[in-house]
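**Student:** Would you mind keeping the following structure in view while I ask a few things?
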Amino acid sequence: MNSIFHRTSIRRYTKQKVESEKIEKILRAAMAAPSAGNQQPWEFYVVTDEETVRRLSETSPYAGFTKDAPLIIVPCYRTREDQLRFKDYAEIDLSIATEHILLEADELGLGTTWCGIAPLQDRMDAVAAVLGTDVSLRPFAIVSVGYPAEEKKQQDRYDESRIHRI
Ligand SMILES: Cc1cc2nc3c(=O)[nH]c(=O)nc-3n(C[C@H](O)[C@H](O)[C@H](O)COP(=O)(O)O)c2cc1C
Numbered sequence: 283m284n285s286i287f288h289r290t291s292i293r294r295y296t297k298q299k300v301e302s303e304k305i306e307k308i309l310r311a312a313m314a315a316p317s318a319g320n321q322q323p324w325e326f327y328v329v330t331d332e333e334t335v336r337r338l339s340e341t342s343p344y345a346g347f348t349k350d351a352p353l354i355i356v357p358c359y360r361t362r363e364d365q366l367r368f369k370d371y372a373e374i375d376l377s378i379a380t381e382h383i384l385l386e387a388d389e390l391g392l393g394t395t396w397c398g399i400a401p402l403q404d405r406m407d408a409v410a411a412v413l414g415t416d417v418s419l420r421p422f423a424i425v426s427v428g429y430p431a432e433e434k435k436q437q438d439r440y441d442e443s444r445i446h447r448i
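283 is the number of the first residue of the sequence shown in the numbering used here; add one for each residue after it.
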């Protein structure tokens with residue numbers, strides 16, 4: 283997949299809205315992710331309301347730039363034991379699903395940035411308060427999405443010294 287070697291964090295977006303067909307493709311990619319015991323602990327909030335986008339951008343000191351994004355996706359995870367097989371893996375499962383969002387968006391010509399929310403309780407509480415999520419649901423990340431208004435080349439991070447051949 284070329285997006286693995288093309289995606290970068292894009293923090294500036296044009297005003298162009300993200301088409302609903304593309305949003306669906308991104309969410310299909312997210313839900314195609316593997317998860318522990320196939321528990322699929324995710325739920326996704328799709329936020330295009332400008333005021334809610336602005337309020338979400340204030341839930342982390344490092345997410346201010348997301349206020350101008352045309353779309354924010356907030357992947358959340360379930361915590362109810364009767365809905366999960368391996369609850370300790372829920373955040374790992376969400377990590378993979380969130381990466382699928384970034385990669386599919388890149389495939390579709392969109393730019394994204396993952397803003398960390400979990401596992402920091404104060405940020406999770408702040409996002410939950412903005413979205414009004416059920417107490418059993420934990421916000422995992424803020425992913426801003428939009429058409430790129432900046433061009434970036436991916437950094438080559440390949441480092442032979444990190445590989446240990448036995
Ligand atoms: C768990 C996680 C949390 C991150 N949180 C933020 C954030 O709060 N704000 C931000 O601007 N970028 C955030 N990023 C993006 C990283 O800064 C970025 O991925 C890293 O600098 C590498 O750059 P690249 O994505 O362009 O390859 C986060 C990335 C990850 C995986």
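Beta carbons are placed, not taken as given, at the ideal position from N, Cα and C, and that holds for glycine.
1) Quick one: grab the DSSP three-state call for R360.
2) Run the CB neighbour count on H382, radius 10 Å, all protein chains shown included, and call it buried at 16 or more, exposed below.
3) Could you pull out every residue in the same chain whose Cβ sits closer than 7 Å to the Cβ of P316, ignoring the five residues on either side in sequence?
4) Report yes if the C-beta distance between I424 and A345 is below 8 Å; otherwise report no.
5) For I354, which three-state DSSP category applies?
6) Could you work out which residue in C358, Q436, G428 is closest to T415 when comparing CA atoms only?
7) Write down the C-beta distance between P421 and V356 rounded to the nearest angstrom, noting that I regard them as a contact closer than 8 Å.
8) Taking the alpha helix (DSSP H) that S377 falls in, what are its first and last residues?
9) Run the proximity test for W324: is its beta-carbon closer than 7 Å to any non-hydrogen atom belonging to ligand 1?
10) May I ask you to check if the CB of Q437 is nearer than 7 Å to at least one heavy atom of ligand 1?
11) Comparing the CB of C397 with every heavy atom of ligand 1, is any distance shorter than 7 Å?
**Tutor:** According to the structure shown:
1) On the sequence shown, residue 360 is found 78 positions in, with the first residue counted as 1. R360: strand per DSSP, three-state reduction.
2) By 1-based counting over the sequence shown, the position of residue 382 is 100. Under this definition H382 is a buried residue.
3) Within the sequence shown, residue 316 is the residue found at index 34, counting from 1. Hits under 7 Å: I378.
4) By one-based count along the sequence shown, residue 424 stands at place 142. By one-based count along the sequence shown, residue 345 stands at place 63. Yes, these two residues count as a Cβ contact at 8 Å.
5) In the sequence shown, the residue the question calls residue 354 occupies position 72. I354: strand per DSSP, three-state reduction.
6) Walking along the sequence shown from the start, residue 415 turns up at place 133. Looking at the Cα atoms, C358 is the closest of the given residues.
7) By 1-based counting over the sequence shown, the position of residue 421 is 139. By 1-based counting over the sequence shown, the position of residue 356 is 74. With 8 Å as the limit, P421 and V356 qualify as a contact, their Cβ atoms being about 5 Å apart.
8) One-based indexing of the sequence shown puts residue 377 at position 95. Under the DSSP assignment, S377 falls in the alpha helix (DSSP H) whose first and last residues are 372–389.
9) Here residue 324 corresponds to residue number 42 of the sequence shown, with the count starting at 1. Outside the cutoff, so no.
10) Here residue 437 refers to the residue found at position 155 when the sequence shown is read from its first residue. Yes, the beta carbon of Q437 sits closer than 7 Å to at least one heavy atom of ligand 1.
11) On the sequence shown, residue 397 is found 115 positions in, with the first residue counted as 1. Indeed, a heavy atom of ligand 1 lies less than 7 Å from the Cβ.
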